[in-house]
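Q: Below is the structure I would like to discuss, written out as structure tokens.
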Amino acid sequence: MNQDKTDTSSISFTALYTGHVWTANGLSAPSFHTRMGSFYYHALAPFEYVGGKLAGGNIRTFLLQRHHLIDHLVSRAIEEEGVTQVLEIACGLSPRGCRFTEKYPQLKYVEADLPEMADRKQRLLAQAAALSPQHLAVPLNVFSREGNDSLESVIAECFDADKPLLVITEGLVNYFDLDTINGFWERLRACLQQQAGGIYLTDNYPLLHDHPFHRTMKVLRGLLGTVSRSRVSFHFGSDAEAKQHFEACGFAPVTVHNPKDYYATLPMPQSRGNPFVRVIEARV
Ligand SMILES: C[S@@+](CC[C@H](N)C(=O)[O-])C[C@H]1O[C@@H](n2cnc3c(N)ncnc32)[C@H](O)[C@@H]1O
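For the sequence shown, the positions run 121 to 404 when this note's numbering is used.
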């Protein structure tokens with residue numbers, strides 16, 4: 121872990137890899153392509169192949185599962201509940217903001233990341249002619265408790281408190297141990313309670329004790345923690361534990377979505393056996 125606990129920029133390069141997964145699978149715009157993302161993607165290809173054969177699913181499988189599932193839950197909130205405000209934290213090169221603002225022009229969609237990545241995203245949005253007062257990228261560090269890049273300040277500056285707010289973190293929370301990320305969850309819950317309704321969506325990776333690839337997941341955790349210089353952690357041992365944790369944190373209702381329940385309805389790849397990833401929907 122970094123010396124300064126709020127400097128987590130060593131994680132940012134992982135957004136290039138996930139960004140390429142979105143591009144390679146037709147979810148992103150060509151302008152979001154990066155040379156480094158393509159390099160990581162192809163460098164990992166042999167491991168992905170072996171993982172797919174041996175474990176019945178690989179990194180790309182669970183990345184696509186989580187991305188499609190989050191897309192689905194955001195669409196549902198917009199179409200069925202009239203949500204018009206979205207904050208996507210740790211956005212990296214996620215194309216979701218572009219796809220959603222195109223499909224739902226009524227949306228205010230704010231993307232947020234550490235300053236360097238937020239700058240890069242802002243330039244990409246401008247190049248893609250997607251930048252507008254309704255769709256922009258701003259600096260936000262989930263560990264800043266004050267100042268312009270704090271969660272509290274971004275929400276106050278960018279959103280209308282009289283309307284519900286949907287907040288997404290994708291590919292972020294498992295880079296931190298539970299105590300560290302829980303401080304952010306508590307602050308997020310407090311912020312959402314100031315809004316006229318709040319929905320939080322996050323991916324999470326439970327370390328299921330009866331999962332046949334329990335040990336493989338621990339190895340993956342070690343590798344990812346080393347390359348990203350972070351404390352990659354599995355926070356929960358079961359879906360029930362995840363739900364209880366968010367409820368104890370003051371969210372209700374809390375639903376833990378398993379991708380396998382969506383195989384018939386969403387265009388996601390399937391795992392052999394129980395998927396590694398879950399999407400948690402925690403409301404206030
Ligand atoms: C694995 S990438 C995920 C990017 C994107 N959500 C996706 O799924 O393609 C992790 C992202 O977290 C961002 N990040 C790291 N530390 C952060 C922090 N303290 N606050 C906000 N974002 C952070 C990184 O810059 C990076 O863009």
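Idealized CB from N, CA, C, for every residue including glycine.
Just verifying my parser: in three-state terms, what is the DSSP assignment at HIS255?
A: It is a strand residue.
Q: Following the continuous alpha helix (DSSP H) through ASN302, name the residue where it begins and the one where it ends.
A: 298 to 313
Q: Quick one: is HIS334 buried, meaning 16 or more other Cβ sit within 10 Å of its Cβ, or exposed?
A: exposed
Q: Terminal residues of the continuous beta strand (DSSP E) containing ASP409?
A: Past the boundaries of the shown model lies residue 409; the chain is included only from 121 to 404, so the question cannot be answered.
Q: For ILE400 and LEU193, what's the separation of their Cα atoms in angstroms?
A: 10 Å
Q: TYR137 by DSSP, collapsed to three states: which one?
A: For TYR137, the three-state secondary structure derived from DSSP is helix.
Q: Rounded to whole angstroms, what is the Cα-Cα separation between GLU277 and SER270?
A: 11 Å
Q: Taking GLU266 as part of the beta strand (DSSP E), name the residues at either end of that continuous run.
A: Careful: GLU266 lies outside any beta strand (DSSP E) and carries neither H nor E.
Q: Going straight from the alpha carbon of ILE190 to that of LEU260, what length do you get?
A: Their Cα atoms are separated by approximately 21 Å.
Q: Exposed or buried, ASN122, counting other C-beta atoms within 10 Å across all chains shown (16 or more means buried)?
A: In this predicted model, ASN122 has a pLDDT of only 46, less than 50, meaning its place in the structure is not dependable; the value taken from the coordinates is given anyway. Result: exposed.
Q: Could you say if the stretch 215 to 232 and the stretch 195 to 206 meet the contact criterion of at least three C-beta pairs nearer than 8 Å?
A: yes
Q: As an exercise, report each continuous alpha helix (DSSP H) stretch of at least 4 residues that is fully enclosed by the stretch 176 to 244, in chain order.
A: DSSP runs (the alpha helix (DSSP H)) wholly in the stretch 176 to 244: 179 to 201, 216 to 223.
Q: When you compare the stretch 336 to 349 with the stretch 146 to 155, are there three or more beta-carbon pairs, one atom per stretch, that lie closer than 8 Å?
A: Between the stretch 336 to 349 and the stretch 146 to 155 there are fewer than three inter-stretch CB-CB distances shorter than 8 Å, so the stretches are not counted as touching.
Q: At what residues does the alpha helix (DSSP H) containing TYR161 begin and finish?
A: 155 to 163
Q: At a cut-off of 7 Å, is ASP233 close to ligand 1 when judged by its beta-carbon and the heavy atoms of the ligand?
A: yes
Q: Within 7 Å: the Cβ of THR134 and any heavy atom of ligand 1?
A: yes
Q: Any chance the CB of ASN261 is under 7 Å from a heavy atom of ligand 1?
A: yes
Q: Comparing alpha-carbon positions, which option in VAL203, VAL287, ALA248, THR181 lies nearest ALA232?
A: VAL287
Q: If you measure from the CB of ILE209, is any heavy atom of ligand 1 nearer than 7 Å?
A: yes
Q: Measuring CA to CA, which of PHE152, LEU244, ASN178, THR138 is closest to THR336?
A: It is ASN178 whose Cα lies nearest to the Cα of THR336.
Q: Would you mind working out which of GLU306, LEU321, PHE279 sits nearest ALA210, comparing C-alpha positions?
A: LEU321
Q: Hey, does ILE275 have any beta-carbon neighbour from chain B nearer than 8 Å?
A: Annotation note: the requested chain B is absent from the structure, which comprises a single protein chain.
Q: Measuring only the C-alpha atoms, how far is PHE263 from ARG309?
A: 15 Å
Q: Whose C-beta lies closer than 7 Å to the C-beta of HIS188 among residues of the same chain, with five residues either side of it excluded?
A: Within the same chain, HIS188 has close Cβ partners LEU386, PRO387, MET388.
Q: What residue from ARG403, TYR229, VAL397, LEU340 has the CA that sits closest to SER358's CA?
A: VAL397
Q: Give every residue of the same chain whose Cβ lies closer than 8 Å to the Cβ of LEU184, excluding the five residues on either side of it in the sequence, and list them in chain order.
A: VAL141, ASN145, MET388, PRO389
Q: Checking the sheet assignment: what are the DSSP bridge partners for ASN324?
A: ARG398
Q: Looking at GLY217 and ligand 1, is the gap between the Cβ and the nearest heavy atom below 7 Å?
A: no
Q: Whole angstroms is fine: what's the gap from ASP297's alpha carbon to GLY267's?
A: If you draw a straight line from the Cα of ASP297 to the Cα of GLY267, it is about 24 Å long.
Q: I'd like to know whether the C-beta atoms of ALA316 and PRO284 end up nearer to each other than 8 Å.
A: With respect to PRO284, ALA316 sits close: the two C-beta atoms are nearer than 8 Å.
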